[in-house]
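Quick notes on the structure that follows.
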Amino acid sequence: MRIRVQSPAQPPPPIPKVRIRLTQKGKGKGRDREEEEPKGLFEGVLGDEERDTSKTVILLSDKQRFEKSRAIAEVSPSSRPLRSSNINSLPFSASSNSPAPSTPGGPLQPNSSSHALRIRSIRFGAYEIKTWYDAPFPEEYANIPDGRLWICEFCLKYQKSKFGAVRHQMKCKAKHPPGDEIYRDGSVSIFEVDGRKNKIYCQNLCLLSKMYLDHKSLFYDVEPFLFYVMTEVDDVGARFVGYFSKEKRSPKDYNVSCIMTLPVRQRQGWGNLLIDFSYLLSKKEQRTGSPEKPLSALGAIGYKNYWTLSLMRYLETAPENPQFEGTFFLLSAFLSLIFVKISALQRP
Numbered sequence: 001m002r003i004r005v006q007s008p009a010q011p012p013p014p015i016p017k018v019r020i021r022l023t024q025k026g027k028g029k030g031r032d033r034e035e036e037e038p039k040g041l042f043e044g045v046l047g048d049e050e051r052d053t054s055k056t057v058i059l060l061s062d063k064q065r066f067e068k069s070r071a072i073a074e075v076s077p078s079s080r081p082l083r084s085s086n087i088n089s090l091p092f093s094a095s096s097n098s099p100a101p102s103t104p105g106g107p108l109q110p111n112s113s114s115h116a117l118r119i120r121s122i123r124f125g126a127y128e129i130k131t132w133y134d135a136p137f138p139e140e141y142a143n144i145p146d147g148r149l150w151i152c153e154f155c156l157k158y159q160k161s162k163f164g165a166v167r168h169q170m171k172c173k174a175k176h177p178p179g180d181e182i183y184r185d186g187s188v189s190i191f192e193v194d195g196r197k198n199k200i201y202c203q204n205l206c207l208l209s210k211m212y213l214d215h216k217s218l219f220y221d222v223e224p225f226l227f228y229v230m231t232e233v234d235d236v237g238a239r240f241v242g243y244f245s246k247e248k249r250s251p252k253d254y255n256v257s258c259i260m261t262l263p264v265r266q267r268q269g270w271g272n273l274l275i276d277f278s279y280l281l282s283k284k285e286q287r288t289g290s291p292e293k294p295l296s297a298l299g300a301i302g303y304k305n306y307w308t309l310s311l312m313r314y315l316e317t318a319p320e321n322p323q324f325e326g327t328f329f330l331l332s333a334f335l336s337l338i339f340v341k342i343s344a345l346q347r348p
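If you're matching positions, the sequence shown starts at 1 in the UniProt record's numbering and goes up one per residue.
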């Protein structure tokens, strides 16, 4: 007989005690950091004498001297007049201020104005060109050194000094006008630039043309216009020669709103090419087209010269009995010549 004796139950293992230390907010290392004295600027890099700024603190006497100098500068006249003073001193004249037309082969002489121009010349690429009229550049360009404005011949950005122009030339990536190249013949290219898509370039172009056009009134509202820029291409890029602009939607079918050729490029046939291209666009659009009126003195001379040569070429190759009726070319020619003749008779 076997008897099973059960051993007494073993006691459960003791539960380990865990102690948690709770630190109050604001004590410990964080509090030690707050109690530390703030370090000065560059304390770990510079010495006490090198970090001393007591000599450069602005004092009350410094402020008084500044206010005194500012008051003297505002009272005394500047070395060159501002644009507002120039406009107020202009004498009223109903006649055009365009440079007088010269004889064939002779250079064009700018008009001698009674008031001093803020910008007397521009540096455009390799050319130093004298200005004819004042353009509404910002007021900070009223006192540029020697009255010379530096203009990039590719992006037309203007600078006050040679130093700024050289720095811009090193950074400028433009080698041709923005927009689409729509014409090319040898080294001659024409770009169509939208005033809405390339607003800054077109505004700079209008400011440039204002210095050589007395009737120019469009400067900053360039979005409703298309600009056709003519360039001459070489190894460096497409260099600016001239341009003409026209409205995108002209209610009177004007094909030219403004036309300008640089003075150094005038009397070389570039103006005739621009006018011819404007009529080519009108022909493609199946419209008669004519320049916007009134024409300036130089504009009237340019159109008269263009249509005189065009009619001579047509009559030279025309049959014995040419039919003038219904011809787009002759209709545009006669309308333009009649207007130029009437304008010349009305001009005093």
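Every residue, glycine too, gets a C-beta built ideally from N, C-alpha and C.
Note that the structure is a prediction, hence the values are computed from the model and not measured.
Please confirm whether residue i and residue j have their CB atoms less than 8 Å apart.
{"i": "residue 220", "j": "residue 155", "result": "no"}
{"i": "residue 231", "j": "residue 257", "result": "no"}
{"i": "residue 153", "j": "residue 125", "result": "yes"}
{"i": "residue 199", "j": "residue 181", "result": "no"}
{"i": "residue 225", "j": "residue 246", "result": "yes"}
{"i": "residue 234", "j": "residue 187", "result": "yes"}
{"i": "residue 240", "j": "residue 195", "result": "no"}
{"i": "residue 217", "j": "residue 244", "result": "no"}
{"i": "residue 211", "j": "residue 133", "result": "yes"}
{"i": "residue 141", "j": "residue 151", "result": "no"}
{"i": "residue 237", "j": "residue 175", "result": "yes"}
{"i": "residue 137", "j": "residue 213", "result": "no"}
{"i": "residue 291", "j": "residue 229", "result": "no"}
{"i": "residue 309", "j": "residue 272", "result": "yes"}
{"i": "residue 72", "j": "residue 264", "result": "no"}
Since residue i is in the alpha helix (DSSP H), which residue starts that stretch and which ends it?
{"i": "residue 209", "result": "199-210"}
Hey, how far is the Cα of residue i from the Cα of residue j?
{"i": "residue 117", "j": "residue 192", "result": "32 Å"}
{"i": "residue 92", "j": "residue 131", "result": "With a pLDDT of only 35 at residue 92, under 50, the local geometry of the prediction cannot be trusted, and the value read off the model is given with reservation. Taking the straight line from one Cα to the other gives about 21 Å."}
{"i": "residue 259", "j": "residue 296", "result": "10 Å"}
{"i": "residue 105", "j": "residue 299", "result": "Caution applies to residue 105, whose pLDDT of 37 falls short of 50 and renders its modelled position unreliable; the model cannot decide the point."}
{"i": "residue 123", "j": "residue 51", "result": "47 Å"}
{"i": "residue 160", "j": "residue 280", "result": "39 Å"}
{"i": "residue 248", "j": "residue 287", "result": "13 Å"}
{"i": "residue 58", "j": "residue 165", "result": "36 Å"}
{"i": "residue 67", "j": "residue 293", "result": "53 Å"}
{"i": "residue 255", "j": "residue 74", "result": "48 Å"}
{"i": "residue 135", "j": "residue 121", "result": "12 Å"}
{"i": "residue 242", "j": "residue 317", "result": "30 Å"}
{"i": "residue 145", "j": "residue 268", "result": "32 Å"}
{"i": "residue 14", "j": "residue 20", "result": "19 Å"}
{"i": "residue 56", "j": "residue 169", "result": "38 Å"}
{"i": "residue 185", "j": "residue 301", "result": "26 Å"}
{"i": "residue 148", "j": "residue 162", "result": "9 Å"}
{"i": "residue 284", "j": "residue 253", "result": "13 Å"}
{"i": "residue 215", "j": "residue 319", "result": "41 Å"}
{"i": "residue 266", "j": "residue 143", "result": "29 Å"}
{"i": "residue 89", "j": "residue 270", "result": "For residue 89, the predicted model reports a pLDDT of 42, less than 50, meaning its position is unreliable; a value from the coordinates is still stated below. Spanning the two alpha carbons is a distance of roughly 36 Å."}
{"i": "residue 321", "j": "residue 276", "result": "25 Å"}
{"i": "residue 353", "j": "residue 127", "result": "Past the edges of the chain, shown from 1 to 348, lies residue 353, and the structure says nothing about it."}
{"i": "residue 49", "j": "residue 171", "result": "42 Å"}
{"i": "residue 46", "j": "residue 139", "result": "44 Å"}
I'd like the span of the beta strand (DSSP E) that includes residue i, first residue to last.
{"i": "residue 190", "result": "188-194"}
{"i": "residue 259", "result": "258-261"}
{"i": "residue 229", "result": "225-233"}
{"i": "residue 242", "result": "238-247"}
{"i": "residue 221", "result": "It is not in any beta strand (DSSP E) - residue 221 carries neither H nor E in the DSSP assignment."}
{"i": "residue 214", "result": "No beta strand (DSSP E) holds residue 214; DSSP gives it neither H nor E."}
{"i": "residue 184", "result": "180-185"}
Can you tell me whether residue i is buried or exposed? The criterion is at least 16 other CB atoms within 10 Å of its CB, across all chains shown.
{"i": "residue 303", "result": "buried"}
{"i": "residue 204", "result": "buried"}
{"i": "residue 119", "result": "buried"}
{"i": "residue 69", "result": "exposed"}
{"i": "residue 262", "result": "buried"}
{"i": "residue 306", "result": "buried"}
{"i": "residue 44", "result": "exposed"}
{"i": "residue 274", "result": "buried"}
{"i": "residue 289", "result": "buried"}
{"i": "residue 209", "result": "buried"}
{"i": "residue 251", "result": "exposed"}
Quick one: is residue i near chain B, going by C-beta distance under 8 Å?
{"i": "residue 131", "result": "Reference to chain B is not applicable here, since this structure consists of a single protein chain."}
Start-end ranges of the alpha helix (DSSP H) lying completely within the segment 264-313, minimum 4 residues = 270-284
key: Complete runs of the alpha helix (DSSP H) confined to the segment 122-174 [at least 4 residues]   = 162-171
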